[in-house]
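Colleague: The sequence shown begins at 53 in the numbering used here and counts up one residue at a time. Below is a structure I'd like to ask you about.
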Amino acid sequence: MLGSLRSIVQEVNTARDLPSALDIIVRRVRDVMQTKVCSVYLRDKHSGNYVLMATEGLNQDAVGQVHMAPGEGLVGNVATREEPINLEHAEAHPAYQYFPATGEERFSAFLGTPIIHHRNVLGVLVVQQAERRRFDEGEEAFLVTLSAQLAGVIAHAEATGALATMGQQRNEAKFAGLAASPGIAIGRAHIVAPPANLATVPFACSMDVDAELALFQQALAAARSEIREVGERLKNDLNKEERALFDAYISMLDDSSIAVEVCERIRQKLTASRAWAEVMLEHVRRFEAMSDSYFRDRAADVRDLGARVLMHLRQQEQSQRDYPANTILIGEELTASVLAEVPREKLAGLVSVKGSSNSHVAILARAMGVPAVMGAQELPWEQVDGVDMIVDGYRGDLHLQPGPELRRHYEAIVAEERELARNLDHLAKLPGETADGHRVRLWVNTGLMADVVRSLERGAEGVGLYRTEVPFLLRDRFPSEEEQREIYHEQLAAFAPRPVTMRTLDIGGDKALTYFPIEETNPFLGWRGIRVTLDHPEIFLGQVRAMMKASLGLDNLRIMLPMITGVSEVEAARKLVNRAYDELIDEGYAIKRPPLGIMIEVPSAVYQARELAKRVDFISVGSNDLTQYLLAVDRNNSRVASIYHSFHPSVLQALLQVVTACHETSTKIGICGELAGDPGGALLLVAMGYDVLSMNATNLPRVKAALREVNKSDLDRLLQQILTMESPEQIEEKLHGYLQDLGIGGLVQPQKAEASSDS
Ligand code: PEP
Ligand code: MG
């Protein structure tokens, strides 16, 4: 059964469109289960009815004609009950409804299972038999498993279908994702695909056939000479068979039939990379289907060769690519490093199929003020290159091919945003304090050089978190000590005399360096942050030396350690920092010993906050990770993003526990997670007693504006009420209402964006 299940899902996955996917499903399921009938009913988005979309066994004329409302007939009942119905004699069931067009009176046994995707009933899968018999447990379990597996594929095919129709009729199409960075981007999609994966080359056309043909020939030539070169270099290390592989590669590249097929598709206006990927994947599949294991193994070689040529094609395409104004980058899994690919003034928005608003790329997007939507799982991203679109970073919506009315609506929000930003400009010079004079340090989180200017313009009083991994992510090797010193000096000098908190390298989790891969099944619970750098003292020492050297003459450096789980890590790291400091003093650097602090972002550190606080000069809470670890929700996984709540009562209790421990030990306490940049969150943190709130530069004016509207004594009362609440939703609603009552609800998002209906 498992083999059949896999092969059905695989075959459905290769279908070109929704109708062919459904045809495959009904044909294969009927064969595998040896039933007389298999049918699929899908919910019509407009009427909400379940419509017969494909069948093997019922009259074909009935397709598209049979409609059932939820709760109506057996199919409608399967949908509303959200569980299978298994009947020996369907006609005897009170809900049975007869549709003459189907000819189903001939069938007695009925088994229907719901197709559910993300809690939504997309449709119903039905098998029927002529004789009266109940489908056995194994059959029922098989259909349930298959429906669950097919749900995602059907949802994707439905979305792709919506897009195809849109292309013909210039209709709008809307896809939902997760709001990851506020703001509206109106622009054109540009796909970022992994460079050498044949399966993810976007479908794209080019009118310049000659240029594409030339590109293809250049890529072939480049791949040929590369293979020859590698073969030559390894000549003495390879045996005869291994050497023959290189010859086989070359002769495959010389194979004129492959080239002819590719050129043919290019002439039909496909881009060279898409044409190449299609042809090579067909060859791969042909090899994979062969019964001889020798030939089956060759499929991997063909794939490898295909990827090599593709890499050259994409490199050339990339170097020729000119990013237009208002580029919206789209990818299956955007990473922090792609942000450097497009000049900032051309980058309007970001869309990623995977990831959530807490992924690091989303955090950087917020810091840069670039609207972003993550976790857009239904978006057929491979097919939207060059399509006009709107990214609604407030609601997490994507609008493709927006019509004039929708455009006008969003242009009005953009205008309102600009107005709001202008109104907040004057705050830059005013102190961060409540209306009754309670002073709070409003600092910024930085990573890119671009953050510096924006932060200073917005009146940042210091840097609470400089993510040193960002410059590491944008390179293809570890930066040297001197290179690091220069980068750090730029940061320190730009903000001096204001304090700059530099965090030691925090890689692992969703921050992977291409040149230092960490492959783990559970990366957020694995080798991350301080664990990596304590295991590699040479990296740690080089980094803290570079930081301290960079602070020469400025003395505004603070060093902060990420992912601390216990006192021994702090002690080990302090020893190394002291050693680096002593060495530099011996080398003649007249520098002040920088304060050393830690991040609290792991539950164990919350419970040991007092012991940790006694050992350091300051503490900063990393609420992004703390939320992830307290709630056991992967911050990067869009599937569980709806249960990632920084306002969860347990998170608030943890934040309170840390601030209390710091006050009792007279340790400076701040917070640098995203919660600090949320106006409502910031007010709660001030009430709890956090002295430093560090956030992205984009949010700083909003937080300052909110702070200056309120009295500390009122906030204390608000906090007491909130601490009695039992759910994050209740807390969010209370905060939302509080800001609205103060007349500053618009600080969170423009009123128009908030009021916009589900268009
Ligand atoms: C955090 O975890 O809250 C934090 C600020 O660090 P990062 O988001 O870089 O993991
Ligand atoms: Mg963190």
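Ideal Cβ positions, reconstructed from N, Cα and C, are used throughout, including at glycine. These numbers come from a predicted model, not from an experiment.
Can you find at least 3 beta carbon pairs, one from the region 157–173 and one from the region 191–208, that sit closer than 8 angstroms?
Modeller: The region 157–173 is in contact with the region 191–208.
Colleague: I believe glutamine 180 touches threonine 87 by the beta-carbon criterion, under 8 angstroms. Please report the beta-carbon distance rounded to the nearest angstrom.
Modeller: Sure, about 6 angstroms apart at Cβ, within 8 angstroms.
Colleague: Cysteine 90 bridges to which residues according to DSSP?
Modeller: For cysteine 90, which the question treats as bridged, DSSP gives the partners Glu108, Val179.
Colleague: My understanding is that serine 698 touches threonine 679, with C-beta atoms under 8 angstroms, so please give their C-beta distance in whole angstroms.
Modeller: Confirmed, about 5 angstroms.
Colleague: Have a look at lysine 481 and isoleucine 559 and give me their C-alpha separation to the nearest angstrom.
Modeller: Each residue's Cα considered, the two are about 36 angstroms apart.
Colleague: Quick check on the contact list: which residues have their beta carbon closer than 5 angstroms to a heavy atom of ligand 2?
Modeller: Ordered along the chain, the selected set is Glu653, Gly674, Asp677.
Colleague: Leaving out the 5 sequence neighbours to the left and right, which residues in its chain are closer than 8 angstroms to serine 809 when beta-carbon positions are compared?
Modeller: Bear in mind that a pLDDT of 43 at serine 809, under 50, signals an unreliable position, so the number given afterwards is only what the model happens to contain. For serine 809, where only same-chain residues beyond five positions count, there are no Cβ hits under 8 angstroms.
Colleague: Within the present structure, is the beta-carbon of aspartate 503 separated from the nearest heavy atom of ligand 1 by less than 7 angstroms?
Modeller: No; taking the cut-off as 7 angstroms, the Cβ of aspartate 503 has no heavy atom of ligand 1 nearer than that.
Colleague: Thinking C-alpha only, which one of Val127, His98, Asp69 is nearest serine 91?
Modeller: When each option's Cα is compared against that of serine 91, the closest is Val127.
Colleague: Mind checking which residues open and close the beta strand (DSSP E) that includes tryptophan 495?
Modeller: 493–498 is the extent of the beta strand (DSSP E) around tryptophan 495.
Colleague: Whole angstroms is fine: what's the gap from leucine 508's alpha carbon to methionine 501's?
Modeller: When rounded, the distance between both Cα atoms is 12 angstroms.
Colleague: Answer yes or no: the CB of aspartate 260 versus the heavy atoms of ligand 1, is any distance below 7 angstroms?
Modeller: Aspartate 260: no, Cβ never under 7 angstroms from ligand 1.
Colleague: At the level of alpha carbons, what is the spacing between alanine 837 and alanine 203?
Modeller: Not covered by the structure: residue 837. The range shown for the chain is 53 to 811.
Colleague: Indicate whether the contact test is met: 3 or more Cβ pairs, each with one atom in the region 229–245 and one in the region 431–446, closer than 8 angstroms.
Modeller: Segments in contact, yes.
Colleague: Are three or more beta carbon pairs between the region 556–573 and the region 488–506 nearer than 8 angstroms?
Modeller: At 8 angstroms Cβ cutoff, the stretches do not touch.
Colleague: Measure the C-alpha to C-alpha separation of glutamate 143 and leucine 94 and round it to an integer number of angstroms.
Modeller: Near 22 angstroms, if we compare the C-alpha coordinates of leucine 94 and glutamate 143.
Colleague: Within 7 angstroms: the Cβ of glycine 30 and any heavy atom of ligand 1?
Modeller: What is shown of the chain runs 53 to 811, which leaves residue 30 out entirely.
Colleague: Look at the Cβ atom of alanine 632, then the Cβ atom of arginine 662, and state whether they are nearer than 8 angstroms.
Modeller: No, the Cβ-Cβ distance between alanine 632 and arginine 662 is not below 8 angstroms.
Colleague: Suppose the cutoff is 8 angstroms on Cβ atoms and the five residues either side in sequence are ignored; what does the same chain contact list for glutamate 31 look like?
Modeller: The structure shown does not extend to residue 31, since the chain is modelled only from 53 through 811, so no value can be given for it.
Colleague: Quick check on DSSP: helix, strand or coil for phenylalanine 162?
Modeller: If DSSP states are grouped into helix, strand and coil, phenylalanine 162 belongs with the strands.
Colleague: So which of Met554, Val61, His588 has the shortest CA-CA distance to glutamate 568?
Modeller: Per the sequence shown, residue 568 should be read as phenylalanine rather than glutamate. For the residues Met554, Val61, His588, the minimum Cα distance to phenylalanine 568 belongs to His588.
Colleague: Closer than 7 angstroms to a non-hydrogen atom of ligand 1 - does that hold for the CB of isoleucine 415?
Modeller: Yes; taking the cut-off as 7 angstroms, the Cβ of isoleucine 415 has a heavy atom of ligand 1 nearer than that.
Colleague: For methionine 218, which of helix, strand or coil comes out of DSSP?
Modeller: Residue confidence for methionine 218 is low, a pLDDT of 44 falling below 50, so the modelled location carries little weight; the figure read from the coordinates is stated next. The answer is helix: DSSP assigns methionine 218 an H, G or I state.
Colleague: Would you say aspartate 344 reaches chain D, if we count a Cβ-Cβ gap shorter than 8 angstroms as a contact?
Modeller: Although the question refers to chain D, the structure presented lacks it and comprises just one protein chain.
Colleague: Would you list, in sequence order, the uninterrupted alpha helix (DSSP H) runs of no fewer than 4 residues that lie entirely inside the region 612–679?
Modeller: As far as the region 612–679 is concerned, its whole alpha helix (DSSP H) runs of at least 4 residues are 619–638, 655–659, 661–665.
Colleague: Run the CB neighbour count on glycine 235, radius 10 Å, all protein chains shown included, and call it buried at 16 or more, exposed below.
Modeller: Buried.
Colleague: Could you check the C-alpha separation between glutamine 62 and alanine 73 for me, to the nearest Å?
Modeller: Answer to the nearest angstrom: the Cα atoms are 11 angstroms apart.
Colleague: Do the CB positions of lysine 398 and alanine 377 come within less than 8 angstroms of each other?
Modeller: Result yes, Cβ atoms of lysine 398 and alanine 377 sit closer than 8 angstroms.
Colleague: By DSSP, does histidine 412 sit in helix, in strand, or in coil?
Modeller: Correct three-state label for histidine 412: helix.
Colleague: Are the Cβ atoms of glutamine 453 and glutamine 536 separated by less than 8 angstroms?
Modeller: Not in contact: glutamine 453 and glutamine 536 (Cβ atoms no closer than 8 angstroms).
Colleague: Cysteine 714: beta carbon under 7 angstroms from a heavy atom of ligand 1?
Modeller: Answer for cysteine 714: no, Cβ out of range of ligand 1.
Colleague: List, from N- to C-terminal side, the beta strand (DSSP E) runs of 3 residues or more that fit wholly inside the region 227–272.
Modeller: Runs of the beta strand (DSSP E) inside the region 227–272: 230–233, 236–244.
Colleague: Just to confirm, does aspartate 353 get its C-beta within under 7 angstroms of one of the non-hydrogen atoms of ligand 1?
Modeller: For ligand 1, not one heavy atom lies less than 7 angstroms from the Cβ of aspartate 353.
Colleague: If we call anything under 8 angstroms between Cβ atoms a contact, is glutamate 726 one with asparagine 763?
Modeller: In this structure, asparagine 763 does not lie closer than 8 angstroms to glutamate 726 by Cβ.
Colleague: Thinking just about the alpha-carbon of each residue, which of Met615, Phe547, Ala329 is nearest to the one in arginine 580?
Modeller: It is Met615 whose Cα lies nearest to the Cα of arginine 580.
Colleague: Between valine 413 and serine 746, is the Cβ-Cβ spacing less than 8 angstroms?
Modeller: Contact: no.
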